[in-house]
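**Student:**
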Amino acid sequence: MSELRRFKTTDLFRFNNVNLDVLTETYNISFYLTYLARWPDLFCVQESPSGTIMGYIMGKAEGRNKDWHGHVTAITVAPEYRRLGLADGMMKLLENVSEKIYDGYFVDLFVRVSNKVAIGMYKKFGYSVFRRVNGYYSSGDNNEEDAFDMRKPLPRDENRESVIENGENNIVKPEDL
Amino acid sequence: MASITDVSERKIRPIYEAIEISNYKSALTQCNKLLKKQPEALILKALKGLILERTGKTEEALQLCSQVKEKKPFDEPILQALTMVYRPLGKHDEIVQLYENAVRQNPNNEELANHWFMALVRNNDYKGQQQAGLKLHKTFKVNKYLFWSIMSLVLQAENAPESQSTIFISLAERMMIKAVSEERMKTTEEVHLYMIILLKQNKFKEALEVLENLKVDLAQKCENDTEMIHIRNDLLLKTGNWIKAIDASKSSLEVNADDWKAYLIYIDSIFHIIESDEKDENGESLNKKLNLDDAREFLYSLQNKESQSNDAKRGPFLAELELEKRVVSIKKEIKPAKEIETLVIEYIRKFGEKSSCFEDLKPYLKDFSLETSKKFIEEFKASIDNNCEDEKLKIRNIQKNINVYKLERYLGLLSDINESDAIAYVDKLWKSYEDALQYGSNLLDTENQYGDDFVILASHILIDLYNKKGQNSFLYHAIFLLDNALHKSKYNFQFKLLLIRLYRALGIILEPLELYKSMDIKHVQLDTMSHYVCERSSSFAIYEDAIQACYDTLPIYRNNDVETPEMIVQAYKYATFSKIQEFIQFRKELDNSLQKILIDREIIRLEFLTMSKDFKNIMEYLEKEIDTSDLNYDDSFCTSRYDNRDFVVMNNYNSSQSKTVEEDTRVSPKLDNTWLKIFSIVPQIFKVMHNNNNIDSLIPLIEELENSVKLENKEGLGITLEERHIGKTVASLGRLYVTFKEVQRGQKESVEKLSKIIDEIISALKDTFTKEFSEIKLQELSWKHMYRFSTFIETCNYIIVANKIVNEMINVKNKKSGNKELAQMLQALSTSVKQNLESTKKQLNDLNEKIKNGNDDLLSHIKSENNCTEFCKNDENLQLIKGILADKVSLSWKSSIESMIQAIEFRI
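In structure tokens, the structure reads:
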């Protein structure tokens, strides 16, 4: 139960309950505002009836020709609002906008290969692994981790050219992205 | 003629490269070398200006740049170099002129014209923007430029007095109408702009018409924009289009049964129809066509659909509660179809395992009687099958039980609980937490254990007890539980926030600083979260760390200055008109942040103290670092601050009538404008004394300070008793100074006045002296004590500094008659301060000794003083508890006290 609406700039003052969660990164002003300035319709928030921010999604449209697609840059839900279907609602919205407004071929996202919960969830939403990116996540202390690049084709990709079978074995280096 | 061509790129490139890697010395050498051969080459001058700016030689840089600017250059590299000098210095108007000149010479260069427009944007020159936009549109025939101009008119309207505002906005509307008729409006963002213009004038009907008459492709785009859907729905309500609003919300709900906004629109519309006797176009009453039963039927149908799914959504069920709640509150004569109590019980049976359950139900429990509340909790408990074997169900039960406890607390069922029952309740919660741990053994490091909220609830009970009985042992018990649980859920920020508050209440700062650091708070969070550690950070007397913590928050304000204007530029570039006002507002709220100013004043307070270890240093500090014009405190300044501090992030399950946990755990009132006033005036008074001129400005400062400290002590006033004392003392010191000047001017009668002021200061000092602390027991040691000591030292410090300033003036003047008497008076003051500090030092030394050997004693008190928690009785936990007392409690106390002793020693 929530209101799915566009992210307002001043929401940045009120998103601590979401962003203090350890897996949610807080970026500088330019990062958020660049997304808002370029893709205001791909940056949305779920707000509870009492006005608390429950989670948000930020995305962009990028790529050339048949690679033109919607990309999920970040999606997060505060701990106490998990397992309520909020991520589902936000993903649907991003897919819908990617399809109807940006006319993309697919939607994609990156996820840590260790994040089984999220991978399972994305599969349920219709995403499949397209490739595995070596050392995509690198935090300072040698904690390198691979990412799965997961994709879901949109109706424009009639022949499902944007996805492949067994993408887990399709290994690439970050510089080849 | 201004041109770049007179220096070849081959020659300039090394300079650029050197600048890029910040090798300014080499860049300057190369630049000078080339300038020798071509002293008039503008690009060289501009680059030299840039190098000078980067190396802090602002004046020279600006001089060079203005020479270049006079030549009206239009080559992009020259313009860029000058812009790079002007922008960091905030000289946006220079950049505007620069590009204006360039555009005039190259009217067909679109890129230059764009730069010109953006320079105006950075300069907040809405009028200039509007005209530039029009010019660009006329020259280059790009629609975007026209909308830039219209957007600028809207901003002009927002910032103009009302009479002009109306003119600007209606002009914007006319331009928009024309743009539409010429079929220029093609994007959703341009429709947004149109909506901004119409909504600003409350033209709801017109706005709705615009939306309903969009061309097909644009209408389709808008249909997929959440914001546009919301605007349209709001307009339907505002124009009384109830039936359409109902249809719109119904179709939203078909797609998403969790769309709360759609339910609200639906329910609002239904009630409007029921309560009015509006008729439709055929003269038939609307309320005959549609009534409450239809609404219920609609919600039931949605519920049925959800009930068949494995993952039922809460929406239609909560909406039913909302509907019946409104029936109860609005229509007294109509009965709800089902009582709220019944609905709430049905709800927990379906969704009692959701962690949002507590928040979901809160609005519907407000009118519950004690009896109803008890019955509800009993029903909830009875619905939980604690004997189930399935692990998944067991995990769900954990959440259900947590919800029971939260609701029980919220409903006030624990308010009369006595101490021993409360401790037993804490033990029960802790046991539930420990039982839950077994199911979380496979959880990742980054996840919280399933039962963490049991610990939060237990600590809330202990905080209640502390507030009732005033005994610190309850806080220690809470800390032990939270600290222990934090080992299992390393990143639980709710634990950390509570711990920060509890430690602070006990007068401990080092551990809170560590906890705060571990939360990785950064960027915009620095503005909203830093108050958890920076507020009154001087209390703990660990000055270096406190100053550092304050300074660490400042980058966000600088970033706002640098980054946000660029983002406004981006919004224009991508023609995202819906975000421009938002960005401007965001910038304003951060720029005028209350926290920013509070931090600034706390830094001055801390630095004043540390600098005045040495008289020369503090004089230099007052000379160089204190700028009166930065110490604004007048009413208009204060009221235009934005309070972005986050006080709601801490979870709270207290009933709506009682204080929140955040309020319950704060040891001192939250800083406000009165605090800001006092600590803006204090350094100003010293600045004037130091300057020794413009004495007349001192009186209003003193009076304002006296008024502030005399303010009635009412709920919500942001100053403490000790801060009043500081204010009073500094005001007296100001008076002392003024009177001293009178004496120097030969007013004999002022000598007596002076002696009276000094006596007052001495006796006030004795009053505030911490003598009642002579027998502090460790189990009672808390923030209050640290705060009394630290503010006492601070007060003494102000007296010492003022005394020295006046003394210097006597020494400078050769020994006139009467000066001896004055010197004696000042000596008396100084002796009194020293005596007081000596005794304080002795107290602190005694206390320090107590802390050094007192841990076992403290622990036995914590255990025996009140009913003791099972956790604390358990010998297995002894090591952890002792560790906390040694490494987190005593260590911080000792550091604070030793630092205070040191601060005193510097002054006696």
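Each protein sequence line maps, in turn, to chains A and B. Counting from 1, one number per residue, gives the positions in the first sequence under the UniProt record's numbering. Counting from 1, one number per residue, gives the positions in the second sequence under the UniProt record's numbering. Note that the Cβ used here is the ideal one computed from N, Cα and C, for glycine as well. From a predicted model like this one, the values you see are computed outputs, not experimental measurements.
Does M1 (chain B) have its Cβ less than 8 Å from a Cβ in chain A?
**Tutor:** To locate residue 1 (chain B), count along the second sequence from 1; it is residue 1. The pLDDT assigned to M1 (chain B) is 42, lower than 50, so where the model puts this residue is not dependable; a value taken from the coordinates is nonetheless given after this. No - not a single Cβ of chain A is within 8 Å of the one on M1 (chain B).
**Student:** Note down, in chain order, each residue of its chain lying with its Cβ closer than 7 Å to the Cβ of P14 (chain B), except the 5 sequence neighbours on either side.
**Tutor:** For the purposes of this step, residue 14 (chain B) is taken as residue 14 along the second sequence, with counting starting at 1. Result list for P14 (chain B): Q30, in chain order.
**Student:** Would you decide whether H725 (chain B) is buried or exposed? Buried here means 16 or more other CB atoms lie within 10 Å of its CB.
**Tutor:** Walking along the second sequence from the start, residue 725 (chain B) turns up at place 725. It counts as buried.
**Student:** With DSSP collapsed to three states, give me the class of L413 (chain B).
**Tutor:** The sequence position of residue 413 (chain B) within the second sequence is 413, counting from 1. Coil, per DSSP.
**Student:** Express the C-alpha separation of Y16 (chain B) and A2 (chain B) in angstroms, rounding to a whole number.
**Tutor:** The count along the second sequence starts at 1 and reaches residue 2 (chain B) at position 2. The count along the second sequence starts at 1 and reaches residue 16 (chain B) at position 16. For A2 (chain B), the predicted structure reports a pLDDT of 45, less than 50, and the residue's modelled location is therefore unreliable. A value from the coordinates is still provided. Near 20 Å, if we compare the C-alpha coordinates of Y16 (chain B) and A2 (chain B).
**Student:** Name the one or two DSSP bridge partners that P153 (chain A) has.
**Tutor:** Taking the first sequence and counting its residues from 1, one reaches residue 153 (chain A) at position 153. Note: P153 (chain A) sits in a beta bridge opposite A:F106.
**Student:** Please report how far the alpha carbon of L482 (chain B) lies from the alpha carbon of L365 (chain B), in whole angstroms.
**Tutor:** Numbered from its first residue, the second sequence carries residue 482 (chain B) at position 482. Numbered from its first residue, the second sequence carries residue 365 (chain B) at position 365. Roughly 29 Å between the two C-alpha positions.
**Student:** Within the segment 258-288 of chain B, note down every full beta strand (DSSP E) run reaching 3 residues or more, in order along the chain.
**Tutor:** With a minimum length of 3 residues, no continuous beta strand (DSSP E) run stays inside the segment 258-288 of chain B.
**Student:** Could you run through the segment 554-565 of chain B and flag, in chain order, every residue whose CB is less than 7 Å away from some CB of chain A?
**Tutor:** Answer in chain order: N559, N560, E563, T564.
**Student:** As a quick exercise: from A:L23, A:G104, A:G51, A:C44, pick the residue whose alpha carbon is nearest that of N65 (chain A).
**Tutor:** Reading the first sequence from its first residue, position 65 is the one you call residue 65 (chain A). Among A:L23, A:G104, A:G51, A:C44, the Cα nearest to that of N65 (chain A) belongs to A:G104.
**Student:** Mind listing, in chain order, the continuous beta strand (DSSP E) runs of no fewer than 3 residues lying wholly within the segment 57-97 of chain A?
**Tutor:** Taking only runs of at least 3 residues, the beta strand (DSSP E) segments lying wholly in the segment 57-97 of chain A are 69-77.
**Student:** So what does DSSP say about V142 (chain B), is it helix, strand or coil?
**Tutor:** As a working note, residue 142 (chain B) is residue 142 in the second sequence. It is coil, neither helix nor strand.
**Student:** Is the segment 598-608 of chain B touching the segment 665-684 of chain B in the sense that three or more CB pairs, one from each, lie closer than 8 Å?
**Tutor:** Yes, since at least three Cβ pairs between the segment 665-684 of chain B and the segment 598-608 of chain B fall closer than 8 Å, the two stretches touch.
**Student:** Mind listing the chain B neighbours of T34 (chain A)? Cutoff is C-beta to C-beta under 8 Å, in chain order.
**Tutor:** As a working note, residue 34 (chain A) is residue 34 in the first sequence. Those within 8 Å of T34 (chain A) in chain B are M567, Q570.
**Student:** Which word fits G90 (chain B), buried or exposed, when buried means at least 16 other C-beta atoms lie within 10 angstroms of its C-beta?
**Tutor:** Mapped onto the second sequence, residue 90 (chain B) falls at position 90. Classification for G90 (chain B): exposed.
**Student:** DSSP has E309 (chain B) in a bridge; who is on the other side?
**Tutor:** Numbered from 1 along the second sequence, position 309 holds the residue referred to as residue 309 (chain B). The question names Glu, but residue 309 (chain B) is Ser in the sequence shown. Answer by DSSP bridge pairing: none, since S309 (chain B) is not bridged.
**Student:** Can you say whether R131 (chain A) is buried or exposed, counting buried as having 16 or more other CB atoms within 10 angstroms of its CB?
**Tutor:** On the first sequence, residue 131 (chain A) is found 131 positions in, with the first residue counted as 1. Looking at its Cβ environment, which holds 16 or more other Cβ atoms inside 10 Å, R131 (chain A) is buried.
**Student:** Of all the residues that make up the segment 222-246 of chain B, which are near chain A by a beta-carbon distance shorter than 7 Å?
**Tutor:** Within the segment 222-246 of chain B, the residues whose Cβ lies closer than 7 Å to some Cβ of chain A are N224, D225, T226, E227, H230, listed in chain order.
**Student:** For residue 910 (chain B), does the three-state DSSP call read helix, strand or coil?
**Tutor:** Beyond the ends of chain B as shown, which are 1 and 908, falls residue 910 (chain B); an answer cannot be given.
**Student:** Could you tell me which residues DSSP puts in a beta bridge with F43 (chain A)?
**Tutor:** In the first sequence, counting from the first residue as 1, residue 43 (chain A) sits at position 43. Answer is A:M58, bridged to F43 (chain A).
**Student:** Let me confirm a value: L370 (chain B) is counted as buried when at least 16 other C-beta atoms fall within 10 Å, else exposed. Which label applies?
**Tutor:** For the purposes of this step, residue 370 (chain B) is taken as residue 370 along the second sequence, with counting starting at 1. Result: exposed.
**Student:** For A37 (chain A), decide whether its Cβ has a neighbour in chain B, counting only Cβ atoms nearer than 8 Å.
**Tutor:** Position 37 of the first sequence holds residue 37 (chain A). Yes, A37 (chain A) counts as interfacial toward chain B.
**Student:** Of the residues that make up the segment 291-316 of chain B, which ones have a beta carbon closer than 7 Å to any beta carbon in chain A?
**Tutor:** For the segment 291-316 of chain B, which is checked against every Cβ of chain A, the residues closer than 7 Å are D311, K313, R314, G315.
**Student:** In the DSSP assignment, find the unbroken alpha helix (DSSP H) run with S860 (chain B) in it and report its ends.
**Tutor:** By one-based count along the second sequence, residue 860 (chain B) stands at place 860. Start and end: 855-864.
**Student:** Helix, strand or coil for I509 (chain B), going by three-state DSSP, please let me know.
**Tutor:** Against the second sequence, residue 509 (chain B) aligns to sequence position 509. Coil, per DSSP.
**Student:** Starting from V163 (chain A), follow the alpha helix (DSSP H) in both directions and report where the run begins and ends.
**Tutor:** Walking along the first sequence from the start, residue 163 (chain A) turns up at place 163. Where V163 (chain A) is concerned, there is no enclosing alpha helix (DSSP H), given that its DSSP letter is neither H nor E.
**Student:** Check S755 (chain B) in the structure and name its three-state DSSP category.
**Tutor:** For the purposes of this step, residue 755 (chain B) is identified with residue 755 of the second sequence, where counting begins at 1. S755 (chain B): helix per DSSP, three-state reduction.
**Student:** Quick check: Y425 (chain B) and F454 (chain B), are their CB atoms within less than 8 Å of each other?
**Tutor:** Here residue 425 (chain B) is taken as the residue at index 425 of the second sequence, counted from 1. Here residue 454 (chain B) is taken as the residue at index 454 of the second sequence, counted from 1. Contact flag unset, no.
**Student:** Determine the chain A residues that contact K522 (chain B) at a beta-carbon separation under 7 Å, and present them in chain order.
**Tutor:** Taking the second sequence and counting its residues from 1, one reaches residue 522 (chain B) at position 522. The contacting residues are T26.
**Student:** Tell me whether E512 (chain B) is buried or exposed, calling it buried when 16 or more other Cβ atoms sit within 10 Å of its Cβ.
**Tutor:** If you number the second sequence from 1, residue 512 (chain B) lands on position 512. Correcting the residue identity first, residue 512 (chain B) is Pro in this sequence and not Glu. Buried.
**Student:** Does the beta-carbon of F906 (chain B) have 16 or more other beta-carbons within 10 angstroms, so that it is buried, or is it exposed?
**Tutor:** The count along the second sequence starts at 1 and reaches residue 906 (chain B) at position 906. That one is exposed.
**Student:** What's the gap between the Cα of I908 (chain B) and the Cα of V801 (chain B)?
**Tutor:** Within the second sequence, the letter at position 908 stands for residue 908 (chain B). Within the second sequence, the letter at position 801 stands for residue 801 (chain B). Rounded to the nearest angstrom, the two C-alpha atoms are 13 Å apart.
**Student:** With 8 Å set as the bound, which would you pick, yes or no: does the beta-carbon of M58 (chain A) sit closer than that to a beta-carbon of chain B?
**Tutor:** Numbered from its first residue, the first sequence carries residue 58 (chain A) at position 58. Chain B, which has no Cβ nearer than 8 Å to the Cβ of M58 (chain A), makes this no.
**Student:** Would you list the one or two residues that DSSP bridges to S593 (chain B)?
**Tutor:** As a first step, residue 593 (chain B) is located in the second sequence; it is residue number 593 there, counting from the start. DSSP output for S593 (chain B) lists B:Y642 as bridge partner(s).
**Student:** Tell me the rounded alpha-carbon separation between Q843 (chain B) and N472 (chain B).
**Tutor:** Taking the first residue of the second sequence as position 1, residue 843 (chain B) is located at position 843. Taking the first residue of the second sequence as position 1, residue 472 (chain B) is located at position 472. Near 21 Å, if we compare the C-alpha coordinates of N472 (chain B) and Q843 (chain B).
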